[in-house]
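Peer 1:
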Amino acid sequence: RYVLAWHRVNPDAVSVDDDLQSAYETYQQDLGQAWQKQVDTLSQWKFVGVNAQTDFYEREIAPTLNANRKIAVIISDALRYEAAQELSERIDRESRFSTKLDMQYSVLPSYTQLGMAALLPHGSLEFDSKDLSDGRCTKGLEARDAILADVGGKAVRYDDLMKLKVSEIKELYKSCNVLYVYHNHIDATGDAEKTEAETVDACEKTFKELGEVVKKLASGNVYNMIITAD
137 RYVLAWHRVN PDAVSVDDDL QSAYETYQQD LGQAWQKQVD TLSQWKFVGV NAQTDFYERE
197 IAPTLNANRK IAVIISDALR YEAAQELSER IDRESRFSTK LDMQYSVLPS YTQLGMAALL
257 PHGSLEFDSK DLSDGRCTKG LEARDAILAD VGGKAVRYDD LMKLKVSEIK ELYKSCNVLY
317 VYHNHIDATG DAEKTEAETV DACEKTFKEL GEVVKKLASG NVYNMIITAD
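Residues 137 to 366, numbered by our numbering, are exactly what the sequence shown covers, in order.
1) What is the DSSP secondary structure of G289, reduced to helix, strand or coil?
2) Run through the DSSP bridge pairs and tell me what H319 is partnered with.
3) Starting from T248, follow the beta strand (DSSP E) in both directions and report where the run begins and ends.
4) Give, in chain order, every unbroken run of the alpha helix (DSSP H) that is at least 4 residues long and sits entirely within the region 195-244.
5) Can A254 and L261 be called in contact, C-beta distance under 8 Å?
6) In the structure shown, what three-state DSSP assignment does E329 receive?
7) Report the residue from G271, T248, K306 and Y217 whose alpha carbon sits nearest the alpha carbon of K236.
8) For the candidate residues V292, R205 and K351, whose alpha-carbon lies nearest to that of R232?
9) DSSP three-state label for D148, please.
10) Are H319 and I210 closer than 8 Å when you measure CB to CB?
11) Within the continuous alpha helix (DSSP H) that includes T335, where are the two ends?
12) By DSSP, does V314 sit in helix, in strand, or in coil?
13) For C339, which residues in the same chain have their Cβ closer than 7 Å to its Cβ, ignoring the five residues on either side in sequence?
14) Alpha carbon to alpha carbon, how far is H258 from W142? Give it in angstroms, no decimals.
15) Using DSSP bridges, identify the partner residues of I362.
Spelled out as structure tokens, the structure:
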């Protein structure tokens, strides 16, 4: 407390915040260089015993559909593993649901649009200004909805879903085999310089929103759900 007060009255002093930011940037730079050296030794981006994000649809969704069952996929942008672990524990405490937490290694390069493309049904992936799945653009809800339509699926934004009545959710789910719900709060908060300091609070809000969407889908006769990130 004394140090923080002293910094406020001495504009020439370097603040604790600036020191931490500088140390973090140095750490990130050193970590990035060490990581790149390890990546350079790999002949392919593959890890034994760990699921790949590129196999998500074939591994998690296709078997359910082949068994003539339906499923909903909730994709929350930037929901990292440690946040997902907290969410899993909270959902389990509700008693109405049970969860199973697992991990998968991301695509490389690991950026949002390519990660989103990897979660869709596909045979091949390409990355450029559009991010392609089997030669088709995957950017935006409409493009993803068109790809999902090929397997009897649909895509909807979280905000739009939450506006629906239970009867409307039932009709929506009845009309498709797999429903992809796109949620974006953590990334939208942490990716903007003006709001990046609010990322921890954004995680807390995301826990609440994802809990609500799980309950709302369940009330619409959705029994199989997967929550994942890009």
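Using N, Cα and C, we set each Cβ at its ideal position, and we do this for glycine too. Here the structure is a predicted model, which is why all the values come from computation and not from measurement.
Peer 2: Straight from the coordinates:
1) Sequence index remark: in the sequence shown, residue 289 carries index 153 (1-based). Three-state result, G289: strand.
2) Residue numbering aside, residue 319 sits at position 183 when the sequence shown is read from its first letter. DSSP, once it has assigned bridges, lists S212 as partnering H319.
3) Taking the first residue of the sequence shown as 1, we reach residue 248 at position 112. No beta strand (DSSP E) holds T248; the alpha helix (DSSP H) holding it covers T248 to A254.
4) 198-202 and 217-229
5) If you number the sequence shown from 1, residue 254 lands on position 118. If you number the sequence shown from 1, residue 261 lands on position 125. Going by C-beta atoms, A254 is nearer than 8 Å to L261.
6) Along the sequence shown, one-based indexing puts residue 329 at 193. Looking at E329 - three-state DSSP - the assignment turns out to be coil, as it is neither helix nor strand.
7) What you label residue 236 is simply residue 100 of the sequence shown in a count that begins at 1. Looking at the Cα atoms, Y217 is the closest of the given residues.
8) For the purposes of this step, residue 232 is taken as residue 96 along the sequence shown, with counting starting at 1. Residue K351 holds the alpha-carbon nearest to the alpha-carbon of R232 among V292, R205 and K351.
9) As a working mapping, residue 148 is identified with position 12 in the sequence shown. Any reading at D148 must be qualified, since the residue scores a pLDDT of 49, below 50, and its modelled position is unreliable; the value itself is stated next. If DSSP states are grouped into helix, strand and coil, D148 belongs with coil.
10) Here the question's residue 319 lines up with position 183 in the sequence shown. Here the question's residue 210 lines up with position 74 in the sequence shown. Yes, Cβ-Cβ distance for H319 and I210 is below 8 Å.
11) Translated into the one-based positions of the sequence shown, residue 335 becomes position 199. Looking at the DSSP string, the run of the alpha helix (DSSP H) that includes T335 is T335 to S355.
12) Your numbering for residue 314 matches position 178 in the sequence shown. Of the three classes helix, strand and coil, the one that applies to V314 here is strand, per DSSP.
13) Here residue 339 refers to the residue found at position 203 of the sequence shown. Short of 7 Å from the beta carbon of C339, and not among the five residues preceding or following it, lie these beta carbons of its own chain, in chain order: A219 and I322.
14) The count along the sequence shown starts at 1 and reaches residue 142 at position 6. The count along the sequence shown starts at 1 and reaches residue 258 at position 122. Reliability of the predicted coordinates at W142 is poor, the pLDDT of 41 falling under 50, and the value obtained from them is presented with this limitation in mind. The straight-line gap from Cα to Cα measures roughly 58 Å.
15) The residue given as residue 362 occupies position 226 in the sequence shown. Per DSSP, V209.
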